[in-house]
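Trainee: First the structure, then my questions, so here it is.
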Amino acid sequence: MVNTKRWVFMQALLLTIVIFIMGMYAGVIFEEKKFAEANAYFTASEVSLMDVLALNELMSSKSVTCTDFTQANFNLLERVYEEAVKLEEYESSGKITESIKSEHKKYDMMRTYLWINFIKLKERCPTQYHTLVYLYIYNQDDLVKKAQQNVWSRILFEVKQDKGNKLALIPIAADNNLSSLKLLTIDKNITKYPVVIIDEKYVFSELTSAADLEKYLQ
Amino acid sequence: MEFLTKVYLVYSFVSLYFLFLFILIYLENRKKLLWYPISKKKYGVSIVVPCYNEEESIGKTIQNLVDNGYPYLKKIIVVDDRSKDNSYKIMKQYEKKYPGLVLAVQTPKNTGNAAGAKNYGAKFAKTELIGFTDADGFPEKGSIGKMVGFFDDLEVGAVTSTILVYNRKNFLERLQAIEYIVIKFTRKLLEFVDSIYVTPGPLAVYRREYFEKIGKFDEKNLTEDIEITWNLLAHGYKIKMCVPAKVYSIAPSKIKVWFKQRLRWNMGGVQTIFKYKKYFFKNGMLGTFVLPFFVFSWLLGVFGISIISYRLIRTLILKIFAVSYSAQTNAALLTLKDINLTPNVLVFLGITVFLLSFTFTLIAFFDIKEDRKFRRPGFGAMTVYMFFYLTVYPIILITAVYKLIRGHKKW
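Chain order of the listed sequences is X and W.
With this note's numbering, the residue at position 169 of the first sequence is 182, and numbering never jumps.
With this note's numbering, the residue at position 264 of the second sequence is 316, and numbering never jumps.
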């Protein structure tokens with residue numbers, strides 16, 4: 014009798030362990046699938062980046078126009094932006110493994126590179142577009158700053174909708190320890206985040222309305 | 053992995069364990085739930101009814117006991133704990149009406165708790181078995197007779213019954229009706245692993261010899277019915293539950309009274325845990341299951357509500373700031389990006405735990421057969437019970453611990 018009673022406790026424990034392990038396993042598979050999807054996106058973007066780099070090398074060639082260069086960079090930027098939005102959704106579902114979060118850093122690296130590319134492009138070609146770089150903190154614990162970041166995203170989304178292809182919107186997480194980005198921010202004397210930089214000239218560390226920002230994008 | 057994710061996983065594991073345990077016990081014993089032994093002996097029974105300001109119900113309680121139909125019910129000892137209303141007068145009328153069967157006595161002074169009045173009344177009992185009924189509890193006809201058979205096993209120290217809500221007019225009463233049904237079901241399942249942890253006041257019968265041997269009810273404890281059960285378990289006695297023996301009890305109709313009652317239950321529970329803490333992981337089922345089960349379920353509740361509150365408060369603060377900043381900058385208050393419907397493994401685990409507990413509640417709910425005059429709580433009450441009512445438990449527990457720390461120990 015006592016053994017039968019003990020057995021039910023053991024049975025419950027075994028059942029819980031089995032169900033729990035199955036649940037965790039399914040969770041890991043689910044997250045890995047998302048990671049694989051994100052990785053596939055990244056690989057495709059990486060190919061496009063290489064293409065843009067190759068295009069840069071052709072800059073001296075007169076057969077390639079500034080419009081072609083700008084368009085190629087814009088196309089890649091648009092693609093990276095859309096993929097980043099998807100990645101953000103996937104990240105919120107990544108609870109067990111950290112793999113999806115590591116993808117974020119790769120994208121930040123790519124966007125930093127694109128920013129540098131746009132700076133170079135501006136030096137070589139007449140200005141046909143504006144750059145708007147949004148530097149934020151990825152692991153933001155401060156609720157006030159987090160709320161500010163949320164609102165910044167909404168404002169910038171609105172600005173991008175208005176300006177379309179005339180604006181290169183480049184959001185980058187500043188706490189990803191990228192040395193190239195560090196150098197760029199030191200150069201611009203940026204110490205506080207979130208911050209918005211328009212055309213490497215105008216720095217906005219306080220929340221600013223879309224209308225006010227657009228004044229600098231005429 | 054984040055700290056909160058780890059906490060959530062542990063929480064889900066423990067919740068799943070308890071749910072599976074109850075479901076397995078149910079599956080193994082579902083045919084024995086209504087079983088009760090027919091007594092081989094003619095046990096003499098005395099029933100003690102403690103009473104304080106219960107003029108509205110005491111007459112009905114006495115009458116129900118008189119009409120209970122158990123032929124060896126020797127005495128109904130009604131103890132007035134110095135009521136300020138007409139309770140004692142009513143008792144005396146019944147004593148006159150049923151001479152020799154009903155005995156109305158009065159404590160020398162107000163004892164301040166049910167345990168005091170119960171112990172006082174127990175002095176007048178001379179029978180082998182002694183039962184207790186609350187002054188607002190109405191045992192169903194035949195209930196006592198169904199309970200006594202369990203005492204043929206000399207190891208049995210107490211037998212408890214099915215307690216149900218008598219009044220089901222308002223919503224709070226109907227919520228309690230569901231709660232009592234679930235508690236009844238869970239308690240019976242616990243009997244199969246010798247782990248009944250309470251013999252509630254509305255109707256419980258004890259073997260008088262053991263009752264006196266363990267020192268009767270603890271008058272310092274706010275839930276003497278929990279304490280005496282643990283005391284019996286600590287002494288190695290068995291506790292049984294007779295499901296077909298039903299007793300209907302008047303549940304609080306107002307939130308304030310309900311909260312006060314639950315606060316007392318929780319404070320008494322905490323007092324009992326501290327009194328028996330030395331038995332942790334020792335001394336049979338009391339130490340190896342009842343104590344850890346009690347502590348774990350409370351910890352789970354408190355922990356769960358703390359995490360939910362923490363996350364809710366953070367989200368709320370974030371939203372308030374975001375709305376305020378959006379208004380300052382004429383930005384959109386809500387965008388499609390804010391609505392994220394991508395599921396994660398924690399959501400799946402949460403849904404599994406919820407579905408299992410919902411299934412368990414439904415099994416408990418449909419397991420009981422009641423007289424048609426008692427209104428069955430509907431879908432609305434069931435939904436509120438599952439989503440909101442249960443979430444209040446940890447808040448009551450936290451308040452109870454706070455009150456105990458502050459030294460409030462009044463009944």
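By construction, the Cβ of each residue, glycine as well, lies at the ideal position given by its N, Cα and C atoms.
When you compare the CB positions of Tyr78/W and Ala25/X, do they come within less than 8 angstroms of one another, or not?
Mentor: no
Trainee: Considering only the alpha carbon of each residue, which of Tyr63/W, Phe74/W, Lys334/W, Lys92/W lies closest to Met23/X?
Mentor: Phe74/W
Trainee: Below 8 angstroms, how does it come out for the stretch 180-190 of chain W and the stretch 253-264 of chain W: are there three or more Cβ pairs, yes or no?
Mentor: yes
Trainee: Rounded to the nearest angstrom, what separates Ile233/W and Ile280/W at their Cα positions?
Mentor: The straight-line gap from Cα to Cα measures roughly 23 angstroms.
Trainee: Drop a sphere of 10 angstroms on the beta-carbon of Thr264/W, count the other beta-carbons inside from all chains shown, and report buried for 16 or more, exposed for fewer.
Mentor: First, the amino acid is wrong: residue 264/W is Glu here, not Thr. Counting C-beta atoms within 10 angstroms of its own C-beta, Glu264/W has fewer than 16 neighbours from the protein chains shown and is therefore classed as exposed.
Trainee: Which word fits Thr56/X, buried or exposed, when buried means at least 16 other C-beta atoms lie within 10 angstroms of its C-beta?
Mentor: It counts as exposed.
Trainee: Go to Val250/W, then tell me how far its beta strand (DSSP E) extends in each direction, as first and last residue.
Mentor: Here Val250/W belongs to no beta strand (DSSP E), and DSSP marks it neither H nor E.
Trainee: Less than 8 angstroms between C-beta atoms, sequence neighbours within five positions excluded: which residues of the same chain meet that for Ala416/W?
Mentor: Excluding residues within five positions, the ones whose Cβ falls inside 8 angstroms are Ile233, Val234, Lys236, Phe237, Thr238.
Trainee: Please compile the residues from chain X whose C-beta is within a distance smaller than 7 angstroms of the C-beta of Gln115/W.
Mentor: Per Cβ cutoff of 7 angstroms: no residues; Gln115/W is ~41 angstroms from chain X at best.
Trainee: Where does Ser98/W fall in DSSP's three states?
Mentor: Strand at Ser98/W.
Trainee: For the stretch 355-364 of chain W against the stretch 189-204 of chain X, are there 3 or more C-beta pairs whose distance is under 8 angstroms?
Mentor: Touching, no.
Trainee: What is the DSSP secondary structure of Asp225/X, counted as helix, strand or coil?
Mentor: In the displayed model, Asp225/X falls within a helix according to three-state DSSP.
Trainee: Reducing DSSP to helix, strand and coil, say where Lys221/W ends up.
Mentor: coil
Trainee: Kindly provide the ranges of any beta strand (DSSP E) runs that are 3 or more residues long and lie completely inside the stretch 156-227 of chain X, ordered along the chain.
Mentor: Entirely contained in the stretch 156-227 of chain X, the beta strand (DSSP E) runs reaching 3 residues are, in chain order, 180-186, 208-211, 215-217.
Trainee: What does Val245/W touch in chain X if you count any residue whose Cβ is under 7 angstroms from its own?
Mentor: Here the neighbours are Lys18, Val21.
Trainee: If contacts are defined as beta-carbon pairs under 8 angstroms, then Leu127/X and Leu180/X qualify, I think. What distance do you get, rounded to the angstrom?
Mentor: Actually they do not touch by this definition, with Cβ atoms about 13 angstroms apart.
Trainee: Is the beta carbon of Val154/W less than 8 angstroms from the beta carbon of Tyr124/W?
Mentor: no
Trainee: Chain X beta carbons: is any one of them nearer than 8 angstroms to that of Val342/W?
Mentor: No, its Cβ sits nowhere closer than 8 angstroms to a Cβ of chain X.
Trainee: Between Ile77/W and chain X, is there a C-beta pair that is closer than 8 angstroms?
Mentor: yes
Trainee: Could you give the residue range of the beta strand (DSSP E) that holds Ser301/W?
Mentor: 290-301
Trainee: Between the Cα of Thr411/W and those of Trp87/W, Met438/W, Leu401/W, spot the shortest distance and give me the residue it belongs to.
Mentor: Met438/W
Trainee: Opposite Thr144/X in the DSSP bridges: which residues?
Mentor: Ala181/X
Trainee: Beta-carbon separation of Gly201/W and Ile90/W under 8 angstroms?
Mentor: Cβ distance < 8 angstroms, so Gly201/W and Ile90/W count as in contact.
Trainee: Using 10 angstroms around the beta-carbon of Gly121/W, count the other beta-carbons present and answer buried if the total reaches 16, otherwise exposed.
Mentor: exposed
Trainee: Rounded to the nearest angstrom, what separates Phe43/X and Glu101/X at their Cα positions?
Mentor: 16 angstroms
Trainee: Thinking Leu145/X and Leu182/X are a contact (beta carbons under 8 angstroms), I'd like their distance in whole angstroms, please.
Mentor: About 5 angstroms; that satisfies the 8 angstroms criterion.
Trainee: Quick one: which chain W residues come within Cβ less than 8 angstroms of Thr83/X?
Mentor: Within 8 angstroms Cβ-Cβ: nothing; Thr83/X doesn't reach chain W, min ~27 angstroms.
Trainee: Give me the DSSP bridge partner(s) of Ser213/W.
Mentor: Cys294/W
Trainee: Is it the case that the Cβ atoms of Ala156/W and Asp137/W are separated by a distance below 8 angstroms?
Mentor: Cβ distance not < 8 angstroms, so Ala156/W and Asp137/W don't count as in contact.
Trainee: Could you tell me whether any Cβ in chain W is nearer than 8 angstroms to the Cβ of Leu171/X?
Mentor: Looking at the sequence itself, residue 171/X is Glu, so the reference to Leu does not match. Yes, Glu171/X lies at the interface with chain W (some Cβ there is under 8 angstroms from its Cβ).
Trainee: Do you know how far the Cα of Asn52/X is from the Cα of Glu45/X?
Mentor: 10 angstroms
Trainee: DSSP on Pro151/W, reduced to helix/strand/coil?
Mentor: coil
Trainee: Within the stretch 363-438 of chain W, note down every full alpha helix (DSSP H) run reaching 4 residues or more, in order along the chain.
Mentor: Complete alpha helix (DSSP H) runs here, min 4: 397-419, 431-436.
Trainee: Just checking: is the beta-carbon of Gln24/X within a distance shorter than 8 angstroms of some beta-carbon in chain W?
Mentor: yes
Trainee: Phe373/W CB to nearest chain X CB: under 8 angstroms?
Mentor: yes
Trainee: Any heavy atom of the ligand PLP within a distance shorter than 7 angstroms of the CB on Asn86/X?
Mentor: Among the ligands in the structure shown, none appear at all, so the ligand PLP cannot be discussed.
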